[in-house]
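Order-wise, the sequence lines are chains A and B.
When we follow my numbering, the leftmost residue of the first sequence carries the number 6, and every step to the right adds one.
When we follow my numbering, the leftmost residue of the second sequence carries the number 1113, and every step to the right adds one.
To start, the structure itself, in structure tokens.
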Amino acid sequence: MAVSTPILGIAILIYLMVIFYLGWLGYKKTQQTEDYMVGGRKMHPYVLAISYGATFISTSAIIGFGGAAGALGMGLLWLAVMNIIVGIFLAFVIFGKRTRRIGLKLGAVTFPELLGRRYQSRFIQGFSGALIGLFMPLYAGIVLIGGARFVETTLNVNYDVAVLILTVIVAAYVITGGIIAVMYTDALQGALMFLGMAFLLAFTYIKLGGVVEAHQALTNMAYLVPEGLQAGGHLGWTAMPEFGSPIWWSLVSTLVLGVGIGVLAQPQLAVRFMTVKDDKALNRAVLVGGPFILMMTGVAFTVGALSNVYFFNNLDVISIVAAGGNTDLIIPQYINSAMPDVFVILFMLTLLAAAMSTMSSQFHTMGTAIGHDFYREYVKKGELGQAINVTKIAIPVTILISVVLAYILPISIIATATAIFFGLCAASFLPMYTGALFWKRMTREGAIASMLVGAFSSLFWLLFVHAKEAVPFGLSQAIFGKATLLSGTWTVVDPIIIATPLAFLTAIVVSLLTKPISQEHLEKCFGK
Amino acid sequence: MLGIDDPQIWLAYVLCLLSAVGCVIYGALKWNDGEEEEEC
């Protein structure tokens, strides 16, 4: 690689020293369970906003989705619009404020606990915890892949070694310093990410001759779309795919809606609303969060698409060809060949930061989901017992599963697997989470039914209908003798489109048929 | 517009920018709102 290894080594060393200092600060400030779980509910708005954004945006958003934009084009910008309007504005202003208040009134310290206490059900808390503990490693594994791939291509380090180094460093500060360490390091990592992405955008536009010129060059390349993609509905990198085509469905249902809406019910993000003192902090966080996300996904998708112009001008091929057919390698390939060395170092740190900030929250959420929600509250019925130790053991165990997944998952998986997890969360949690905050008539039975219907219908659709997963898994083939149970357009419709409305419907119908939650408990949740 | 022919794409491009600006305006206008108060 062109980058001078000693300079990069020193930059990484300085970065890691600061990270360890922040991790130590988190450790020192953590005295009670509430500190470990929700930072004593007194985090600074800047730390909240950047930590939320940096967790939300992992390497998968930058490398995986940026690479997807390299293949599919700027249609992904609709996801950036959703990220800002739904992921920041709606999340903070509408969901965040109520989550904070109800979480405080019920003394909840995790997302499953908020739901469990609101509906007075240990089963909800336990099942949600188990669901997170089981499926989040998939998402964490993917973030690890993204981080490790960049370390691999930039530093020429063996991929397996890169995975291990990343994991050990993050695990160390998450286990010792809890969420305070997670959020402090996130804030630093977020700042680095902002800087890195700003440079990336500026360099790209300058290199391609200006904003309009760059877009125009990309528009003019429409005739270069490979035949396979053309057949799927691809009309060029600055055009939406043909309405109703397989690529259109994949872009709109899986990427834009799946990830765009799924973010509202992400446990590791929702818990952050409970880490601040008042609504003022949430209002202020919106100011920081909106531009931050714009600079992350907006830039990644624009640059991902524009990388085609660069590769075509210099190598006479489009991005997907330059990356050897693996969309996950488009962005790393582009950075390494197009950007000056100094920038490669900055971007290396940016991606390392992006991976670490997301992983740290995932590790924390997986660990508390198993140790606190599943073990302490469900298995032990709320007794303290060994909960803290179980949490501390659960973190490494779930991390280990993520690492194993990072080794075995196939290539080009980053964007898809992120979408699977977001979709599963949306279907299982969004109806009861929305009900918990806004609909007093929603009952415990309604919540349980919607959670089960959402989780299982989402998984069913994934394994038996949605071709992208059903075919490689092969379960449908093994049981029913055909690759997917339904055919035609159904096989490209994302689970979230089917499972989430179904879960919402279940929540409403079952709630109306069952006994309302007592007035007394509602007053405890919402105040008088 | 902006070198992009498809209105569905430049609309997304412009909306990204506008929504981020919207977040800044909201945050600035509500900078001191919601301190320690319980509205519900």
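In this text, a Cβ means the ideal position worked out from N, Cα and C, and glycines have one as well.
This one's a predicted model, so the numbers in the text were calculated from it and none came from an experiment.
- The Cβ of Asn288 (chain A) sits closer than 8 Å to at least one Cβ of chain B.
- Under the criterion of beta carbons closer than 8 Å, Thr307 (chain A) and Met79 (chain A) qualify as touching, at roughly 7 Å.
- By the Cβ rule, the segment 277-293 of chain A counts as touching the segment 1141-1148 of chain B, because three or more pairs are nearer than 8 Å.
- Rounded to whole angstroms, Ile147 (chain A) and Lys520 (chain A) show a C-alpha spacing of 42 Å.
- Interface with chain B (8 Å Cβ-Cβ cutoff): Gln125 (chain A) is excluded.
- Ser342 (chain A) sits in a helix when the DSSP states are folded into three classes.
- Between Lys285 (chain A) and chain B, the shortest Cβ-Cβ separation is below 8 Å.
- Of the candidates A:Ile484, A:Ala452, A:Glu450, the residue whose Cα lies closest to the Cα of Phe465 (chain A) is A:Ile484.
- When C-beta distances to chain B are compared with 7 Å, the residues of the segment 294-307 of chain A below that value are Gly294, Gly295, Pro296, Leu299, Gly303, in chain order.
- Within chain B, no residue has its CB atom less than 8 Å from the CB of Phe509 (chain A), the nearest being about 23 Å off.
- Contact holds between the segment 337-352 of chain A and the segment 142-158 of chain A, because three or more Cβ pairs, one in each stretch, are under 8 Å apart.
- Nearest CB-CB separation between Leu82 (chain A) and chain B: below the 8 Å threshold.
- Residues Gly138, Ala399 of the same chain have their beta carbon placed closer than 6 Å to that of Ile375 (chain A), with the five preceding and five following residues left out of the count.
- Each residue's CA atom was taken as its position, placing Asp283 (chain A) and Leu467 (chain A) some 40 Å apart.
- With a threshold of 16 other beta carbon atoms within 10 Å, Leu1130 (chain B) falls short and is exposed.
- A Cβ-Cβ separation of about 17 Å leaves Leu260 (chain A) out of contact with Ala504 (chain A) under the 8 Å criterion.
- Close CB contacts of Leu84 (chain A) within its chain, under the 8 Å cut and outside five residues either way in sequence, are with Phe70, Leu260, Val261, Val264, Gly265, Thr302, Phe306 (chain order).
- Phe278 (chain A): not part of any alpha helix (DSSP H); DSSP gives it neither H nor E.
- Each residue's CA atom was taken as its position, placing Leu120 (chain A) and Gly532 (chain A) some 17 Å apart.
- The closest CA to that of Lys34 (chain A), considering only A:Ile185, A:Leu21, A:Glu118, A:Val179, is found on A:Ile185.
- Burial of Asp191 (chain A) is indicated by the presence of at least 16 other C-beta atoms within 10 angstroms of its C-beta.
- When Cβ-Cβ separations below 8 Å define contact, Phe94 (chain A) makes contact with chain B.
- A distance below 8 Å separates the beta carbons of Val52 (chain A) and Met188 (chain A).
- DSSP places Arg122 (chain A) inside the alpha helix (DSSP H), whose first and last residues are 116-123.
- Using a 10 angstroms sphere on the CB of Ala207 (chain A), the tally of other CB atoms stays under 16, which defines it as exposed.
- For the segment 66-81 of chain A, the set of residues with a beta-carbon nearer than 7 Å to any beta-carbon of chain B comprises Met79, Gly80, in chain order.
- Going by DSSP, His526 (chain A) is part of the alpha helix (DSSP H) stretching over 524-531.
- Along the segment 437-487 of chain A, the beta strand (DSSP E) does not occur as any fully enclosed run of 3 or more residues.
- The beta carbons of Ala475 (chain A) and Phe469 (chain A) sit closer together than 8 Å.
- Per DSSP, the unbroken alpha helix (DSSP H) holding Ser312 (chain A) starts and ends at 304-320.
- Neighbours of Ala59 (chain A) across chain B, judged by C-beta separation under 9 Å, do not exist; the nearest C-beta is about 16 Å away.
- Contact between Ala76 (chain A) and Thr421 (chain A) is absent: CB atoms are separated by about 12 Å, not below the 8 Å threshold.
- Under the 10 Å beta carbon count, Asn313 (chain A) is surrounded by 16 or more other beta carbons and is classified as buried.
- Measuring C-alpha to C-alpha distances from Pro272 (chain A) to each of A:Gly237, A:Ala54, A:Glu118 identifies A:Glu118 as the nearest.
- If you draw a straight line from the Cα of Leu517 (chain A) to the Cα of Gly134 (chain A), it comes to about 26 Å.
- The segment 109-116 of chain A and the segment 37-46 of chain A touch, with no fewer than 3 CB-CB distances between them shorter than 8 Å.
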